[in-house]
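Residue 278 is where the sequence shown starts when you use my numbering, and the numbers rise one by one after that. For each residue, glycine too, the CB sits at the ideal point set by N, CA and C. Worksheet: the structure to be examined is printed underneath.
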Amino acid sequence: MSIAMTAEQRTTQMKSELRGLRASGKVPGVVYGKQLASSTSVAIPEKELIALLRSHPNAVIDLEIPGSGKQSVMIAEVQREKLSHKLLHVDFHQINMNEEVTAHVRVDLVGDSQGEREGGIVQALLHELEVRCLPAAIPDSIPVDVTGLLMGSSYLVGDVEAPAGVTIVTDPSAVLVTVLVPQKDLTAEEAEAQEVEAKEAVSRSTEAQMHEVEHA
Numbered sequence: 278m279s280i281a282m283t284a285e286q287r288t289t290q291m292k293s294e295l296r297g298l299r300a301s302g303k304v305p306g307v308v309y310g311k312q313l314a315s316s317t318s319v320a321i322p323e324k325e326l327i328a329l330l331r332s333h334p335n336a337v338i339d340l341e342i343p344g345s346g347k348q349s350v351m352i353a354e355v356q357r358e359k360l361s362h363k364l365l366h367v368d369f370h371q372i373n374m375n376e377e378v379t380a381h382v383r384v385d386l387v388g389d390s391q392g393e394r395e396g397g398i399v400q401a402l403l404h405e406l407e408v409r410c411l412p413a414a415i416p417d418s419i420p421v422d423v424t425g426l427l428m429g430s431s432y433l434v435g436d437v438e439a440p441a442g443v444t445i446v447t448d449p450s451a452v453l454v455t456v457l458v459p460q461k462d463l464t465a466e467e468a469e470a471q472e473v474e475a476k477e478a479v480s481r482s483t484e485a486q487m488h489e490v491e492h493a
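Structure, rendered in structure tokens:
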């Protein structure tokens with residue numbers, strides 16, 4: 278899906294000017310891309326940007342840029358204030374609608390797993406998957422049906438069925454979700470073994486996420 282947004286041309290560069298811009302309800306940003314003569318400094322209404330990040334952070338944006346007309350872009354990076362998480366800056370990357378891009382897509386767990394119905398505890402280890410596809414094919418989310426997941430078993434990234442035209446880039450061996458057996462139902466040895474297995478699963482999933490960051 279694509280979302281229309283208009284950017285204002287920005288000449289503010291000094292810290293005091295940028296603070297004033299943010300105080301007026303706008304977020305400074307930069308648009309860059311191969312088809313632009315040079316990077317363009319812009320300002321985006323904060324409310325519109327917050328709404329976009331909450332609902333469709335990976336959406337293709339039809340951004341009206343002063344002097345450059347309407348451009349197809351995606352959000353490349355968002356900077357926030359560490360404590361308040363207030364938006365400080367946003368980078369937009371111009372894209373070609375006929376060339377594949379990489380994006381992170383939310384995972385939606387659907388269904389009640391058999392293991393959970395039997396008293397198990399569902400633990401999601403990854404909440405997003407890295408995918409590669411044409412911009413128009415980027416899904417809002419990827420549903421994962423955990424109905425058949427048994428107690429003590431796991432669902433790997435490699436088990437996910439990708440939507441048509443979408444390739445999942447995340448390490449297929451990374452654990453997406455697992456159903457833990459309640460500690461009270463385990464012997465001391467079984468509880469220790471489950472804890473070790475869970476830590477190893479988290480480690481593999483963390484490594485997968487680090488791999489995504491390194492190759493972003």
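- prompt: Would you call the segment 358 to 375 and the segment 295 to 304 in contact, with 3 or more CB pairs under 8 Å?
  reply: With the cut-off at 8 Å, the segment 358 to 375 and the segment 295 to 304 touch.
Report the CB separation of residue 443 from residue 416 in whole angstroms; it is logged as a contact under 8 Å. Contact check for residue 443 and residue 416: beta-carbon distance about 7 Å, within the 8 Å limit, so the pair qualifies.
Q) Run through DSSP, which three-state label would residue 324 get? A) Assignment of residue 324 by DSSP, reduced to helix, strand and coil, places it in the helix class.
Around the Cβ of residue 420, are there at least 16 other Cβ atoms within 10 angstroms (buried) or fewer (exposed)? The residue is exposed, with fewer than 16 neighbouring Cβ atoms inside 10 Å.
8 Å contact criterion, which residue 430 and residue 392 should meet: CB distance rounded:
The distance from the Cβ of residue 430 to that of residue 392 is about 7 Å, consistent with a contact at the 8 Å cut-off.
Bridge partners for residue 351 per DSSP, in chain order? Bridge partners of residue 351: 370.
| Below 9 Å between beta carbons: does that hold for residue 374 and residue 345? | Not in contact: residue 374 and residue 345 (Cβ atoms no closer than 9 Å).
### Query
residue 305: buried (16+ other C-beta within 10 angstroms of its C-beta) or exposed?
Taking all protein chains shown into account, residue 305 has 16 or more neighbouring C-beta atoms within 10 Å of its C-beta and is therefore buried.
**Asked** Among 414, 303, 307 and 447, which one has its Cα closest to the Cα of residue 353?
**Response** For residue 353, the nearest C-alpha among the options comes from 307.
- Item | Exposed unless 16 or more other CB atoms sit within 10 angstroms - verdict on residue 441 | Residue 441 should be labelled exposed.
Subject >> Alpha-carbon to alpha-carbon, residue 318 and residue 327 >> reply: The straight-line gap from Cα to Cα measures roughly 19 Å.
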